[in-house]
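Trainee: Got a structure for you, questions after.
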Amino acid sequence: MKKTAELAIIVPCYNEEDVLPQSMSVLEKLRAELIKENLIAETSKLVFVNDGSKDKTWDIIEKAHQKKPFIRGICLSRNFGHQEALLAGLYNTPADIYVTIDADLQDDPKVIKEMVKRYNEGYEVIYGVRNRRDTDTWFKKHTALLFYKIMKLLGVELVANHADFRLLSRRAVDTMSTFKEKNLFLRAIVPLVGYKSCNVYYDRKKREAGVSKYPLKKMILFALKGISSFSAVPLHLITLSGALISLLSFFLMIWTIYGYFTTSTIVGWASLMTAVTFFSGITILFMGIIGEYIASIFIEVKNRPTYIIDKILD
Ligand code: UDP
Ligand code: MG
C-alpha cells in the first residue's frame, strides 16, 4: 500500500484570541479523524503562524504546543500580512501536503478530507471554491465580484470565488518558492505554478468570533497589489488613451483654426476651461498609474525579506 501523506494545516493568525481556541479544537478533531481513516500520516501537524498579534494569540499557541506535540507555532517578529504569514508557514514546515486555511474557519474545514482524497487521486493543487456568498455583506460580495471582473479584463488568471483555502503538494510549494517576487498575491501565483489541479466546493460560513482583519483600506491595497504586480494592461492603456487624446486634440486644433478664419468670435472660455481641467485630470490619473508600477518596482528592487521569524515551536 502507498504510504499515507504527512499533512500540515497552515493557519495564519492575527489577533485571533477570540476564535482560536474554537478553531484549534475543530482542526484537532479533523486531524484525528483523518488519521483514523488512514488518509494522512500520524505525524501530520497543525501549524499556527502568529503574524505579530497584539493580543493573547501567541500565548494560546504556546500553551497548545506544550500540551500537544502535533501543534506547531511560528511566531513572526511583527505583523507582515496574511500572504506573508502563509508563506512563512509553508516554507518552514516539512510535510508532504499542505492545506492553508484562515483562523476564523469561515472556509469549511470538512472539505479538507475531500482535498486529501483528491490528492490521493493524483491532483497536486486543489482549490477550495465557495458556492455562495450569502454570508458576506452586500458590499464585500459586490466589491469582490467587481475585482474578479477587473482582473479578468486585465488578463490575470484567477480561480473565481477562491481565496487562500487550498491544498498544495510539496512539489507545488517547492516550485512556488522559486517565484522570487516580493509583491505577493498568492492566488494569482498558484495557477502559474501549474501541475494537475482541480476545485472542491463548499459554503462559506460567517466568522464565528472576532472581527474581520481586512478593513476596506486593506482590501483596496490588496486589490491594487494584485493588479500592479500581475498585469501590464494599465500601462498599455496609458499609451492607447494618449494616442486617442492626441488625435482628438488634433481635430480640436483644426476646428479652432477654421473658426479663427471664418468667424470673428473668440474661442470660448468654457471650452478652454473644460480642456484644461480634463487634461490635467487625465494627466494626474495616468501619472498615478505609472506611480503604481514604480512602487512595485521599488519594492521588488529592495529585495527585502518577505517575513522574519522570531521563533519556531517544533
Ligand atoms: N491575517 C493575518 N495577518 C493580517 C491580517 C489577517 O495573518 O495582517 C489572517 C487572519 O488572522 C485570518 C486570515 O488572515 O486567519 C484572514 O483574515 P480575515 O478572516 O480577517 O479576512 P476576511 O475573511 O474578513 O476576508
Ligand atoms: Mg475571515
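Numbers given in our numbering equal positions in the sequence shown, counted from 1, plus 231. Backbone N, C-alpha and C fix where the C-beta goes; we use that ideal spot for every residue, glycine too. All values derive from a computational prediction rather than experimental measurement.
(1) I need the DSSP call for residue 322, collapsed to helix, strand or coil.
(2) Could you name each continuous alpha helix (DSSP H) segment of 4 residues or more that falls completely within the stretch 322-402, going from the start of the chain to the end?
(3) Hey, out of 368, 238, 266, whose CA is closest to residue 326's CA?
(4) What separation, rounded to the nearest whole angstrom, lies between the Cα atoms of residue 355 and residue 454?
(5) Residues in its own chain within less than 7 Å of residue 286 by CB, not counting five upstream and five downstream?
(6) Taking residue 234 as the reference, give the member of 256, 328, 289, 300 with the closest Cα.
(7) Going by the CB atoms, is the gap between residue 540 and residue 308 shorter than 9 Å?
(8) Can you tell me whether residue 362 is buried or exposed, with buried defined as 16 or more other CB within 10 angstroms of its CB?
(9) Among the candidates 374, 425, 421, 407, whose CA atom is the shortest distance from the CA of residue 396?
(10) For residue 335, verify whether its CB is less than 8 Å away from any heavy atom of the ligand MG.
(11) Going by the beta-carbon positions, is the gap between residue 357 and residue 265 smaller than 9 Å?
(12) Name the residue from 438, 416, 465 whose alpha carbon lies nearest to the alpha carbon of residue 389.
(13) What is the DSSP secondary structure of residue 489, reduced to helix, strand or coil?
(14) Let me make sure I understand the geometry here. Which of 448, 400, 419 has the alpha-carbon closest to that of residue 391?
(15) Could you say which of 527, 379, 528, 335 lies nearest to residue 313 if we only look at CA atoms?
(16) Any heavy atom of the ligand MG closer than 8 Å to the CB of residue 438?
(17) Anyone know if the C-beta pair for residue 431 and residue 346 falls short of 9 Å?
(18) CB residue 276 to CB residue 303, shorter than 9 Å?
(19) Let me confirm a value: residue 428 is counted as buried when at least 16 other C-beta atoms fall within 10 Å, else exposed. Which label applies?
(20) State yes or no: is the C-beta of residue 284 nearer than 8 Å to some heavy atom of the ligand MG?
(21) Thinking residue 324 and residue 241 are a contact (beta carbons under 8 Å), I'd like their distance in whole angstroms, please.
(22) Whole angstroms is fine: what's the gap from residue 333's alpha carbon to residue 520's?
Mentor: Walking through what the data contain:
(1) helix
(2) 342-351, 369-384
(3) 238
(4) 27 Å
(5) 246, 248
(6) 328
(7) yes
(8) exposed
(9) 421
(10) yes
(11) no
(12) 416
(13) helix
(14) 419
(15) 335
(16) yes
(17) yes
(18) yes
(19) buried
(20) no
(21) 7 Å
(22) 32 Å
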